[in-house]
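All remarks here apply to the structure that follows.
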Amino acid sequence: MHDDELEPAQRLITDLYQTGVDALIVQDMGILELDIPPIELHASTQCDIRTVEKAKFLSDVGFTQIVLARELNLEQIRAIHQATDATIEFFIHGALCVAYSGQCYISHAQTGRSANRGDCSQACRLPYTLKDDQGRVVSYEKHLLSMKDNDQTANLGALIDAGVRSFKIEGRYKDMSYVKNITAHYRQMLDAIIEERGDLARASSGRTEHFFVPSTEKTFHRGSTDYFVNARKGDIGAFDSPKFIGLPVGEVVKVAKDHLDVAVTEPLANGDGLNVLIKREVVGFRANTVEKTGENQYRVWPNEMPADLHKIRPHHPLNRNLDHNWQQALTKTSSERRVAVDIELGGWQEQLILTLTSEEGVSITHTLDGQFDEANNAEKAMNNLKDGLAKLGQTLYYARDVQINLPGALFVPNSLLNQFRREAADMLDAARLASYQRGSRKPVADPAPVYPQTHLSFLANVYNQKAREFYHRYGVQLIDAAYEAHEEKGEVPVMITKHCLRFAFNLCPKQAKGNIKSWKATPMQLVNGDEVLTLKFDCRPCEMHVIGKIKNHILKMPLPGSVVASVSPDELLKTLPKRKG
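Using UniProt numbering, you'd call the opening residue of the sequence shown number 1 and step up by one each time.
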């Protein structure tokens, strides 16, 4: 944040705390120097937490939970967990930033839009040509910085064993169906693991029932990778397209002027989103109308016929990236979460005593005075009492156990019993809310920690005076300004990434057979139009540095977040003195 944003941020944090917000996810350490309420602090993935030393420091200065870098493997995660008492959070699904989070400046360098301020222009999704140090083309017009999507489904148990206790799903710009689908998928996966293991329990209350079958392949993704959790792999990139292709559904048999005939493996529906790949680019269309013409045969009239469809030959593969019927099912009630309660009815003929105890152990007791006589049909009366007390359909609860401890089978009118039960459920709501204890900010460790470095480059993203004061407080002596301060005018790493194009194209010296010393990881180039970026390779940590330079016109722009940047050009003109005469 810019200095001009600190005071409004302080007011906002106070308002959020008073509203009941549980925690703040923080990247800018200047926040810790502000006069804010004792709200729990979580360290964002933008803090670039890759080492034990940094994780321990953040825990010691007051962070309760830390979101680790996506690039870490299981052993690195385990080492951090063992060295700190902070809760470990880790990304398990969604889009992957190719750069280390917090270490990407290419968007700001090229467009003035800062990824560190949540305004990334996604230069990583553009097509690039890769050239070697001799100018020879290695790869032409591919999306070489575009990663497949993160999918840790197969690694959930291993991540739990490594110490992860909070699982993060990337969801920026995602729609409702994506959120429902992916959260349902991981809820079911985690529930299955918890059921198998006696050493685990849910951090939250209740159980969720889903009314659809989740499928990670049916909502937006660019293919799947588990990234570096187990080992470096060569197929982590979505080089052909950054778009969602979907699942294979058949092939195109014939293309006519306003329709196409297709052979499919699954039924199609009006509104389906279909696509084909033509010269490595996705050509998509919406099926306005579909008509079944035979067994596994359909005629499809697109809402708008793409011209490129006429270029394809018969038997061209067809994909579906929007299943209309499946999506429609998600617009309805697709899940329900309920909290278990144990119910006990006791008392005597002049007073009934109803006790509800939630699965967290919160208990309330409600009484009902009256004259309740013995029922003529004891068995029926007991069943009515049990059934009536278990009717919790309009509440957050479900009856896990119902016990009737009365001196006999008493008759209680249904209307009276229903009101009695509803009042008790409302009382339990209030008691559970009252019992909730919001977390608070951890105190700084004593003795105070020392930051692992004494000199911070622009990569530390220090953009305001409060952040400088924070780092000085913990032993840092020399602090360079953040990239957004426009003090780095020459060529610098505008992106640092674990993704290595030498490795992806089998040009890594570590992959070479024979005399490895004769191999050198010489620089390469990425070219997109007039934009030329230099690639340098740091082989010891297996990192690729994308070298670039901030554009001159961006240097002339107001600093992001400054008061000047928030004023329109017309308003600025009004501040100029008027000419006389």
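C-beta: ideal position from N, C-alpha, C; glycine also. Note that the coordinates shown come from a computational prediction; the quantities given were computed from them, not determined experimentally.
{"Item": "Reference Arg-187, options Ala-79, Lys-174, Gly-206, closest by Cα", "Value": "Gly-206"}
{"Item": "Three-way DSSP call (helix, strand, coil) for Met-495 in this model", "Value": "strand"}
{"Item": "Beta-carbon proximity check, Met-189 vs Ala-467, cutoff 7 Å", "Value": "no"}
{"Item": "Any 3 or more C-beta pairs closer than 8 Å across the stretch 359–366 and the stretch 418–434", "Value": "yes"}
{"Item": "Three or more C-beta pairs below 8 Å linking the stretch 295–304 and the stretch 173–184", "Value": "no"}
{"Item": "Contiguous beta strand (DSSP E) assignments of at least 3 residues, all confined to the stretch 30–72", "Value": "40–43, 63–67"}
{"Item": "Same chain, Cβ closer than 6 Å to Pro-447, five either side skipped, listed in chain order", "Value": "none"}
{"Item": "Which of helix, strand or coil DSSP assigns to Asp-401", "Value": "strand"}
{"Item": "Endpoints, the beta strand (DSSP E) within which Leu-356 is located", "Value": "351–358"}
{"Item": "Proximal residues to Glu-141 (C-beta, below 7 Å), its chain only, five neighbours per side dropped", "Value": "Pro-127, Thr-129"}
{"Item": "Rounded separation between Asn-319 and Lys-380 - CA only", "Value": "59 Å"}
{"Item": "Whole-angstrom C-beta distance between Glu-209 and Glu-336, which should lie under 8 Å", "Value": "5 Å"}
{"Item": "Where Cys-542 sits in the DSSP three-state scheme", "Value": "coil"}
{"Item": "C-beta atoms of Pro-493 and Ile-554 nearer than 7 Å", "Value": "no"}
{"Item": "Ile-169 - containing beta strand (DSSP E), residue span", "Value": "164–169"}
{"Item": "Secondary structure of Tyr-471, DSSP reduced to three states", "Value": "helix"}
{"Item": "Residues of its chain near Glu-281, where Cβ-Cβ distance is below 8 Å and the 5 sequence neighbours each way are ignored", "Value": "Ser-241"}
{"Item": "Tyr-397 vs Val-362 beta-carbon contact at 7 Å", "Value": "no"}
{"Item": "Beta-carbon spacing of Asn-321, Gly-273 below 7 Å", "Value": "yes"}
{"Item": "Tyr-105 versus Asn-116 - alpha carbon distance", "Value": "8 Å"}
{"Item": "Pair within 7 Å by beta-carbon distance, Leu-389 and Val-402", "Value": "yes"}
{"Item": "For Asp-480 and Phe-458, believed in contact at Cβ under 8 Å, the rounded distance", "Value": "5 Å"}
{"Item": "Ala-307 versus Asp-258: straight-line alpha-carbon distance, rounded", "Value": "10 Å"}
{"Item": "Per DSSP, the bridge partner or partners of Ile-88", "Value": "Ile-66, Val-164"}
{"Item": "From Thr-357, Gly-370, Glu-491, Asn-383, residue whose alpha carbon lies closest to that of residue 634", "Value": "With the chain running from 1 to 581 in the structure shown, residue 634 is simply not present."}
{"Item": "N- and C-terminal bounds of the alpha helix (DSSP H) containing Ala-83", "Value": "74–83"}
{"Item": "C-beta atoms of Glu-487 and Pro-560 nearer than 7 Å", "Value": "no"}
{"Item": "Buried versus exposed, by CB contacts within 10 Å (16 or more), Gln-327", "Value": "buried"}
{"Item": "DSSP-derived helix/strand/coil call for His-221", "Value": "coil"}
{"Item": "Local conformation of Ile-182 per DSSP, three classes", "Value": "helix"}
{"Item": "Distance, Leu-58 Cα to Phe-503 Cα", "Value": "33 Å"}
{"Item": "Val-476 versus Ser-224: straight-line alpha-carbon distance, rounded", "Value": "40 Å"}
{"Item": "Residue interval of the alpha helix (DSSP H) (run including Gln-18)", "Value": "3–19"}
{"Item": "Exposure of Asn-464, with buried meaning 16 or more beta-carbon neighbours within 10 Å", "Value": "buried"}
{"Item": "Rounded separation between Tyr-471 and Tyr-451 - CA only", "Value": "7 Å"}
{"Item": "Per DSSP, cross-strand counterpart(s) of Trp-348", "Value": "Gln-351"}
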